[in-house]
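Enquirer:
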Amino acid sequence: MGKKRSGGGLTGSQQAAKFLGVSVLSGVVLAGMAIPAAGALGLAAKGTVEGFDEIPANLKTPPLSQRTTILDSEGGLIATVYSRDRQVVPLTAVSPYMQKAIVAIEDSRFYEHGAVDLKGILRAVNRNAQEGGAAQGASTLTQQYVKNVFVEEAGDDETKVREAQEKSLGRKIRELKYAIQVEEELGKKKILENYLNITYFGQQAYGIESAAQRYFSKPAKDLALEEAALLAGVVQSPSRYDPVNDAQEAMKRRNIVLQRMADIRDVSQAEADAAKAKPVTLKVTRPKNGCITAVKGAGFFCDYVRNSFLTDAVFGKTREERAKVWNQGGLTVRTTLDPQSQDAANESIKDHVNQDDSIATAVTMVQPGTGRVLAMGQSKPYGFGKNETQINYSVDKRMGGSNFGFQVGSTFKPFIAAAAIERGMPATKVYPAPNKIDYPSPVQKCDGSNWLNLPLSNGKLQTAENETEDEVGPYAMRTAMEKSINTYFVQMISEIGLCPVMEMTQKLGVISANGEKLVEAPSIALGSAELSPLTMANAYATFANRGVHCTPVAIESITDAHGKALAVPKPRCERAMSPETADTINTLLRGVVDSGTGERAGLTDRDSAGKTGTTDSRYNAWFVGYTPNISGAVWVGSGGAKKITMENIEIGDRYYDKVFGGGLPGPIWKDAVTGALAGRESPTFATVSIPEPVLPGGSNGGRPATNPSKPGKPSKPGGDNKPGGRPGGTDGGTTGGGNPENPFPGISLPPGVLGGRDGQ
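Heads up, the sequence shown is in my numbering, so the first residue is 436 and it goes up one at a time.
1) Is the Cβ-Cβ distance between R981 and P1014 less than 9 Å?
2) Suppose contacts are defined by Cβ-Cβ distances below 9 Å. Is I699 in contact with L666 by that definition?
3) Per DSSP, which residues does K1046 bridge with? Please list them.
4) For A550, I'd like the list of residues in its chain whose CB is within less than 6 Å of its CB, leaving aside the five on either flank, ordered along the chain.
5) Answer yes or no: do V936 and T1022 have a C-beta to C-beta separation smaller than 9 Å?
6) Give the secondary structure of G812 by DSSP, where H, G and I count as helix, E and B as strand, and everything else as coil.
7) Suppose contacts are defined by Cβ-Cβ distances below 9 Å. Is G1067 in contact with A972 by that definition?
8) Round the Cβ separation of D773 and N827 to the nearest angstrom and send it over; I've been treating them as touching at under 8 Å.
9) Go to M533, then tell me how far its alpha helix (DSSP H) extends in each direction, as first and last residue.
10) Determine, using beta-carbon pairs with one atom in the region 727 to 741 and one in the region 776 to 786, whether at least three such pairs fall under 8 Å.
11) Could you pull the start and end residues of the alpha helix (DSSP H) that L576 belongs to?
12) What separation, rounded to the nearest whole angstrom, lies between the Cα atoms of P678 and E598?
13) With distances taken from CA atoms, which of A1111, Y517 and S1043 is nearest C726?
14) According to DSSP, is H984 helix, strand or coil?
15) Just checking my contact of P1100 with T863 at CB under 8 Å: how many whole Å lie between their CB atoms?
16) State the Cα-Cα distance for the pair K785 and L745, rounded to the nearest angstrom.
17) Here's the rule: buried if 16 or more other CB atoms are within 10 angstroms of the residue's CB, otherwise exposed. What is L1024?
18) For Q683, count neighbouring C-beta atoms within 10 Å of its own C-beta (all shown protein chains included) and say buried if the count is 16 or more, exposed if not.
19) Using CA coordinates, which residue listed in N870, A758 and C934 is at the minimum distance from E904?
20) Kindly indicate which residue of G835, S793, T805 and R833 has the alpha-carbon position closest to the one of K815.
21) Report, in whole angstroms, the separation of the C-beta atoms of G1087 and V788, which I expect to be a contact under 8 Å.
22) Suppose only complete runs of 3+ residues qualify. What are the beta strand (DSSP E) ranges in the region 919 to 999, listed by chain order?
23) Within 10 angstroms of the Cβ of L966, are there 16 or more other Cβ atoms? Answer buried if so, exposed if not.
24) Taking DSSP as the reference, what is the three-state secondary structure of R1010?
25) Smallest Cα separation from E628: which of Q522, G668 and Q639?
26) To the nearest angstrom, how far is it from the Cα of R1010 to the Cα of Y923?
27) Which residues in the same chain have their Cβ closer than 7 Å to the Cβ of V1059, if we skip the five residues on either side of it in sequence?
28) Taking the alpha-carbon of T1050 as reference, which of I1084, G806 and G1096 has the nearest alpha-carbon?
29) Which ranges would you report for the beta strand (DSSP E) in the region 788 to 872 if only whole runs of at least 3 residues count?
30) Helix, strand or coil: how does DSSP classify N1156 here?
31) So the candidates are I513, E1082, L961 and S1030; which of them puts its Cα closest to the Cα of R1053?
32) Taking the DSSP output, what are the residues bridged to N629?
33) Can you check which of these residues, L693, A707, I537 and K656, is closest to Y635 by C-alpha distance?
34) Between I1065 and A1111, is the Cβ-Cβ spacing less than 9 Å?
35) Can you look up Y650 in the DSSP assignment and give me helix, strand or coil?
36) Between which two residues does the beta strand (DSSP E) containing K723 stretch?
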């Protein structure tokens, strides 16, 4: 409505309004507008011609807030969200009965007067004089529209809303001036259309289309006479005339509207009487707002979409700007959610973990090479009730997740291996890997200082040990990965230092769920870091994508209320490691699911790879796995403040003496990914040949030299790790690492088998 008048002179209607501003308002208009007489005392200061002229000439109408529709990748509805439930429609989409009813009861002379209805004012003055107060007002429908514009502009600011609705002389004068402008620029039909779209009809329904859907579950164009009259009657007082809560009061008001329509001959008396005789018959559609209404168990994904919008600078420079756009609504957001993958995740969750179990699970799947988030579900549904939560276990804290994320256990080991291989370490690398060791010290950090294994309060050093007593080295990398040998990877990180690992995790987008940097300590090799399932799924997708990491995205496209496409974030894809390094990791992790700790997660109809993880005290168990075209992470643990040890526990109507990453998360992953990829292509990995080195002692913890191609079985199914100690120590000392001592005195080993780097 930004059109300006040509020339600088006042029109006749403006001259009339100017006159009203200084004369009539002092008495007659004030009385007619139901402003107490005491308000006239401020007229000399507020209602002068000069004051009238100082009001800006153009009313700036904000776009009306509407509902936003969130769709999946195939266009199916996920949820509708809004700050105000409104659907803007043209006047042609509104029942003629509704148009006549609202005019009849709110401003029956609407088509006859200008911005100010002098007859109406005089009638109100007479009525108020008879009543001895301010019982009746005389605001025109145009003035009411202007007031609603100010209310809409105030949004959720309660102070501004009160100011927009206060009975003050200043507000009335402002409304008068803008009403004059609106009448000249829009014309009657457009004013009526705007009024019907902006007005509040109660029950969280803004605008006539949402009101018709709310009360009668039909579009506004199909409203019958008695239905239109009922809604027109609600406008004066949505709480008093609410037909849902007080049908009798609503009927009385409806009949007043019907009689008024008959009096001004919009309908015949017979039609009005017939409508009056009908009972108030509602077909209420309850408000469905927000991610709690999401279908397909996608409430948490819906919440992730909202947080993605609010945190991405593509949608505005500040969070406040982005929130304003989101709350304004009217958007159609098409997302990356794949219905088949989401259904598969939900079914797998239900098959393995119950909603009322003491522990929870979360499943997240992404697409390698695009970063598209395909599925996101968890066993505790999105909501406020018992065994429900609004915490999204799949994402970081800033995106609505838990405060800290969850320790990832041995699923972190592939990051250590990738960092070492990228620096030139051969995949045939052998370490002594005894059953239990003190953390090597010192270990170099990124700033040049060293992590030191200093005595704990009990005087002992921090230690790492393998899951079972018979896991005793030496081990080569392939078998160490398949059996998840803790001491092997501790020795590896001590050799390469902490900084290459930190650099690799940065490239893979691996950050703590609380937003802080990963702690530089050797215990990180065993999964002391607290991360989110989305972070893990997306990092492993880099291996599937042969070393190219893509940032996760959930929004595919957005159009505004006018159908205009908005810019959306695009995935940033950058090489994190060489294709050869990624292919080597794929080969190592394929062995994990072929016959290692993740054997129960292995797919039989397509290439798959992955890693198990179980943390201290079995508070968390993980499986993170992938195929060439999907990557997924499954976490199982206690989502609340109380940590639960997953031993001798019933989960999903099954008893577990001990929960391992391969024992529960692995099967959840297998079922979810199998369903997600059913009927879809099955590409293969590019793999490398990893010869098995001949170790002294034959099968002493490594693969038997006589059968180098067959992975060895783990000593205990699912025994994936047992982190020792906590990050600690102080900086100082000398640069460490060094070469491990040869555990086989008198035996000459090949270069590079023990310690050093590239045979050094």
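Even for Gly, the Cβ is constructed at its ideal location relative to N, Cα and C.
Expert: Here's the rundown:
1) Taking the sequence shown and counting its residues from 1, the one referred to as residue 981 is at position 546. Taking the sequence shown and counting its residues from 1, the one referred to as residue 1014 is at position 579. Their beta carbons are under 9 Å apart, which means R981 touches P1014 by this criterion.
2) Working through the sequence shown from its first residue, we reach residue 699 at position 264. Working through the sequence shown from its first residue, we reach residue 666 at position 231. The answer is no: Cβ separation not under 9 Å.
3) As a first step, residue 1046 is located in the sequence shown; it is residue number 611 there, counting from the start. Beta-bridge pairing links K1046 to V1059.
4) Counting from 1 along the sequence shown, the entry for residue 550 is found at position 115. Excluding sequence neighbours, A550 sits near T577, A614, I615 and E618.
5) Within the sequence shown, numbered from 1, the residue matching residue 936 stands at position 501. Within the sequence shown, numbered from 1, the residue matching residue 1022 stands at position 587. Not closer than 9 Å, so no.
6) For the purposes of this step, residue 812 is identified with residue 377 of the sequence shown, where counting begins at 1. The answer is strand: DSSP assigns G812 an E or B state.
7) By one-based count along the sequence shown, residue 1067 stands at place 632. By one-based count along the sequence shown, residue 972 stands at place 537. For G1067 and A972, yes; Cβs fall inside 9 Å.
8) As a working note, residue 773 is residue 338 in the sequence shown. As a working note, residue 827 is residue 392 in the sequence shown. D773 to N827, Cβ: 18 Å. No contact.
9) The residue given as residue 533 occupies position 98 in the sequence shown. Taken as a continuous stretch (DSSP letters only), the alpha helix (DSSP H) holding M533 covers P531 to E541.
10) yes
11) Start at 1 with the first residue of the sequence shown, and residue 576 comes out as number 141. Where L576 is concerned, the enclosing alpha helix (DSSP H) stretches over L576 to A589.
12) Against the sequence shown, residue 678 aligns to sequence position 243. Against the sequence shown, residue 598 aligns to sequence position 163. Their backbone Cα atoms lie some 29 Å apart in a straight line.
13) As a working mapping, residue 726 is identified with position 291 in the sequence shown. Of the candidates A1111, Y517 and S1043, the one whose C-alpha sits nearest the C-alpha of C726 is Y517.
14) Here residue 984 corresponds to residue number 549 of the sequence shown, with the count starting at 1. Strand, per DSSP.
15) On the sequence shown, position 665 is the one that residue 1100 refers to. On the sequence shown, position 428 is the one that residue 863 refers to. That pair is no contact at about 30 Å.
16) For this step, residue 785 is matched to residue 350 along the sequence shown. For this step, residue 745 is matched to residue 310 along the sequence shown. Rounded to the nearest angstrom, the two C-alpha atoms are 31 Å apart.
17) The residue labelled residue 1024 in the question sits at position 589 within the sequence shown. Counting Cβ neighbours within 10 Å, L1024 comes out buried, since at least 16 surround it.
18) If you number the sequence shown from 1, residue 683 lands on position 248. It counts as exposed.
19) Numbered from 1 along the sequence shown, position 469 holds the residue referred to as residue 904. Per the Cα distances, N870.
20) Counted from its first residue, the sequence shown places residue 815 at position 380. When only C-alpha atoms are compared, the closest one is S793.
21) The residue labelled residue 1087 in the question sits at position 652 within the sequence shown. The residue labelled residue 788 in the question sits at position 353 within the sequence shown. Going by Cβ atoms, the distance from G1087 to V788 rounds to 5 Å, so yes, they are a contact pair.
22) 983 to 985 and 990 to 994
23) Against the sequence shown, residue 966 aligns to sequence position 531. L966 should be labelled buried.
24) Against the sequence shown, residue 1010 aligns to sequence position 575. Strand at R1010.
25) Translated into the one-based positions of the sequence shown, residue 628 becomes position 193. Minimum Cα distance to E628 is reached at Q522.
26) Here residue 1010 refers to the residue found at position 575 when the sequence shown is read from its first residue. Here residue 923 refers to the residue found at position 488 when the sequence shown is read from its first residue. Roughly 27 Å separates the two Cα atoms.
27) Numbered from its first residue, the sequence shown carries residue 1059 at position 624. Cβ neighbours of V1059 beyond the five flanking positions: T846, M971, A972, Y975, G1045, K1046 and A1068.
28) Position 615 of the sequence shown holds residue 1050. Looking at the Cα atoms, G1096 is the closest of the given residues.
29) 795 to 801 and 808 to 813
30) As a working mapping, residue 1156 is identified with position 721 in the sequence shown. With a pLDDT of only 38 at N1156, under 50, the local geometry of the prediction cannot be trusted, and no value is derived from it.
31) Your numbering for residue 1053 matches position 618 in the sequence shown. When only C-alpha atoms are compared, the closest one is E1082.
32) In the sequence shown, counting from the first residue as 1, residue 629 sits at position 194. N629 is not bridged to any residue.
33) Against the sequence shown, residue 635 aligns to sequence position 200. Looking at the Cα atoms, I537 is the closest of the given residues.
34) In the sequence shown, counting from the first residue as 1, residue 1065 sits at position 630. In the sequence shown, counting from the first residue as 1, residue 1111 sits at position 676. Taking 9 Å as the Cβ cut-off, I1065 and A1111 qualify as a contacting pair.
35) Along the sequence shown, read from residue 1 onward, the residue named residue 650 stands at position 215. If DSSP states are grouped into helix, strand and coil, Y650 belongs with the helices.
36) By 1-based counting over the sequence shown, the position of residue 723 is 288. That residue, K723, is in no beta strand (DSSP E); it is neither H nor E in DSSP.
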